[in-house]
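Asks:
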Amino acid sequence: MPAADMQAQSLRAAAVEHLWRLGVIRSRRVARAMTKVPRHRFLPATSPIPLERVYQTGDALPFCVRGQEVVSTISAMDVVAIMLEALVVLPGHRVLEIGTGSGYNAALLQELVEPGGEVVSVELDAEVARQAAATLAELGYRAVRVVQEDGSRGYEARAPYDRIIVTASTPWIPRAWFEQLRPAGRLVMPWSTMLWLLALRRTRLALAGHPAGRAVFLPLQVTPEEKGAETPPEAEAPAAGVPGFPPLPAWLKEAEKQKAGVGGETPALVHVRVQATVAPPGQAPRVLAPPPPWSGPAFRALTWVLSR
Numbered sequence: 000m001p002a003a004d005m006q007a008q009s010l011r012a013a014a015v016e017h018l019w020r021l022g023v024i025r026s027r028r029v030a031r032a033m034t035k036v037p038r039h040r041f042l043p044a045t046s047p048i049p050l051e052r053v054y055q056t057g058d059a060l061p062f063c064v065r066g067q068e069v070v071s072t073i074s075a076m077d078v079v080a081i082m083l084e085a086l087v088v089l090p091g092h093r094v095l096e097i098g099t100g101s102g103y104n105a106a107l108l109q110e111l112v113e114p115g116g117e118v119v120s121v122e123l124d125a126e127v128a129r130q131a132a133a134t135l136a137e138l139g140y141r142a143v144r145v146v147q148e149d150g151s152r153g154y155e156a157r158a159p160y161d162r163i164i165v166t167a168s169t170p171w172i173p174r175a176w177f178e179q180l181r182p183a184g185r186l187v188m189p190w191s192t193m194l195w196l197l198a199l200r201r202t203r204l205a206l207a208g209h210p211a212g213r214a215v216f217l218p219l220q221v222t223p224e225e226k227g228a229e230t231p232p233e234a235e236a237p238a239a240g241v242p243g244f245p246p247l248p249a250w251l252k253e254a255e256k257q258k259a260g261v262g263g264e265t266p267a268l269v270h271v272r273v274q275a276t277v278a279p280p281g282q283a284p285r286v287l288a289p290p291p292p293w294s295g296p297a298f299r300a301l302t303w304v305l306s307r
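Numbering (numbering that gives the first Met the number 0), first residue to last: 0 to 307.
#1: Quick one: residues in its chain with C-beta nearer than 7 Å to the C-beta of Thr202, no 5 flanking neighbours on either side, listed in chain order?
#2: Does Ala2 pass the burial test, meaning 16 or more other C-beta atoms within 10 Å, or should it be called exposed?
#3: State the DSSP-derived secondary structure class of Gln147, mapped to helix, strand or coil.
#4: Taking just the CA atoms, how far does Ser9 sit from Ile97?
#5: Going by Cα to Cα distance, which pick from Tyr160, Gly116 and Arg162 is closest to Tyr140?
#6: Taking DSSP as the reference, what is the three-state secondary structure of Ala239?
#7: Could you say which of Glu68, Leu107 and Gly66 lies nearest to Met76 if we only look at CA atoms?
#8: In terms of residue numbering, what span does the alpha helix (DSSP H) encompassing Trp176 cover?
#9: Could you tell me the distance, in whole angstroms, from the CA atom of Ala309 to the CA atom of Arg200?
#10: Quick check on the burial criterion: 16 or more other C-beta atoms within 10 angstroms. Buried or exposed for Arg38?
#11: Run through the segment 82-129 for me and flag every whole beta strand (DSSP E) of 3 or more residues, listed as ranges in chain order.
#12: If you draw a straight line from the alpha carbon of Ala84 to that of Val119, how long is it in whole angstroms?
#13: Below 7 Å CB to CB, which residues in the same chain sit around Ala80 once its five sequence neighbours on both sides are set aside?
#14: Beta carbon of Gln179, beta carbon of Gly150: below 8 Å?
#15: How close, in whole Å, do the beta carbons of Ser101 and Ala131 come, if the pair is a contact with beta carbons under 8 Å?
#16: Could you tell me the boundaries of the beta strand (DSSP E) in which Val313 lies?
#17: Among the residues of its own chain, which have a CB less than 6 Å from the CB of Gly91, if the five just before and after it don't count?
#18: What number of angstroms, rounded off, separates the C-alpha of Arg93 from the C-alpha of Pro49?
#19: Relative to the C-alpha of Ile172, which candidate in Leu186, Tyr160 and Pro182 has its C-alpha closest?
#20: Using the C-alpha atoms, what's the distance from Pro189 back to Pro170?
#21: Once the 5 residues before and after Ser74 are set aside, which same chain residues still bring their CB inside 6 Å of it?
#22: Taking its Cβ as the centre, do 16 or more other Cβ atoms sit within 10 Å of Thr99, making it buried, or is it exposed?
#23: Use the C-beta contact count for Met5: other C-beta atoms within 10 angstroms, 16 or more gives buried, fewer gives exposed.
#24: Looking at the structure shown, is Arg141 part of a helix, part of a strand, or coil, going by DSSP?
#25: Looking only at its chain, what residues have a beta carbon closer than 7 Å to the beta carbon of Arg11, apart from the 5 residues adjacent to it on each side?
#26: When the cut-off is 8 Å and only beta carbons count, does Ala105 lie next to chain C?
#27: Which class does Val36 belong to by DSSP, given the choice of helix, strand or coil?
#28: Between the Cα of Glu110 and those of Val143, Ile163 and Gln147, spot the shortest distance and give me the residue it belongs to.
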């Protein structure tokens with residue numbers, strides 16, 4: 000084994016052990032997958048990022064940069080672990096990933112669905128999709144099907160899915176994701192309205208769940224026609240929030256039936272009902288990076304209900 004790969008293996012094992020001690024990684028299956036998949040191999044060969052930074056657990060890494068624009072990143076290891084733990088992937092599952100990026104997360108998903116499972120990963124950017132597919136094939140991750148497509152449409156050809164994971168932030172849930180998810184299936188996604196990672200389970204007419212952590216992701220990219228069809232109207236002006244958190248939107252102060260800045264006219268949109276409770280003094284919601292002590296709203300349950 001080349002010296003660089005040996006160093007990477009050691010750094011990777013140390014990073015996983017660190018996340019295990021913190022309780023971010025809780026299952027041995029996720030620990031094994033993250034120990035096995037060579038994160039550094041998903042960076043471009045010309046990347047100047049040193050191995051030590053690649054395996055820093057809190058660092059997101061630029062994967063594709065065009066001029067001054069960061070097109071795609073590799074999520075921080077702690078965020079990856081939180082999302083995989085919330086997703087609860089089992090052998091034999093069929094998983095849909097929205098946002099292939101480098102392909103690193105898709106490789107982890109293949110490790111988790113084997114034996115007998117399947118991973119479909121959808122990426123809008125053609126060059127990013129091509130690079131990811133090439134890296135996955137080179138490393139032997141052939142159970143991953145990379146599709147160059149608008150992720151907001153899902154991928155109906157292989158539906159239904161046991162699990163859907165989204166690696167780009169969005170304030171709404173496209174109807175396609177709901178319809179392509181099996182009953183009792185899980186959806187994990189970054190909700191850009193409050194910068195939460197949401198872990199949701201499908202019921203017959205709704206997605207219900209809870210926050211799994213906090214993180215910032217690049218926004219979900221969609222084709223112009225989908226953007227026009229699905230982007231909700233602007234929400235109301237934010238109200239005062241809690242130090243260390245984004246401002247609370249005005250709708251959160253009203254009844255739980257209030258719409259989260261989305262209308263009911265477009266079938267592709269969903270309504271959101273939020274149940275907010277007050278955390279006991281000195282306690283905070285379970286978040287990725289704990290904020291200063293506070294006793295503000297702790298989001299215990301969220302339900303996304305399909306609009307009619």
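Even glycine gets a Cβ: it sits at the ideal position worked out from N, Cα and C.
Predicted, not measured: the structure shown is a model, and the values here were computed from it.
Replies: Walking through what the data contain:
#1: Within the same chain, no Cβ atom closer than 7 Å to the Cβ of Thr202 is found once the five residues on either side in sequence are excluded.
#2: exposed
#3: strand
#4: Near 30 Å, if we compare the C-alpha coordinates of Ser9 and Ile97.
#5: Per the Cα distances, Gly116.
#6: Low per-residue confidence applies at Ala239: pLDDT is 35, beneath 50, and the placement is therefore not dependable, though the value from the model is reported in the following sentence. Coil.
#7: Leu107
#8: Arg174 to Gln179
#9: The chain is shown from 0 up to 307; residue 309 falls before or after that span and cannot be answered.
#10: buried
#11: Complete beta strand (DSSP E) runs here, min 3: 93-97 and 117-122.
#12: Looking at the sequence shown, residue 84 is not Ala but Glu. Cα-Cα distance, rounded: 19 Å.
#13: Counting only residues of its own chain and dropping the five nearest sequence neighbours on each side, Ala80 has a CB closer than 7 Å to the CB of Leu18, Val23, Ile24, Val29 and Met33.
#14: Contact flag unset, no.
#15: Right, the Cβ-Cβ distance comes to about 6 Å (below 8 Å), so this counts as a contact.
#16: The structure shown has nothing for residue 313, since the chain only spans 0 to 307.
#17: Gly115 and Gly116
#18: 34 Å
#19: Leu186
#20: 8 Å
#21: Ala59
#22: buried
#23: exposed
#24: coil
#25: Thr34, Arg38 and Tyr54
#26: Chain labels in this structure do not include chain C; a single protein chain is all it has.
#27: coil
#28: Val143
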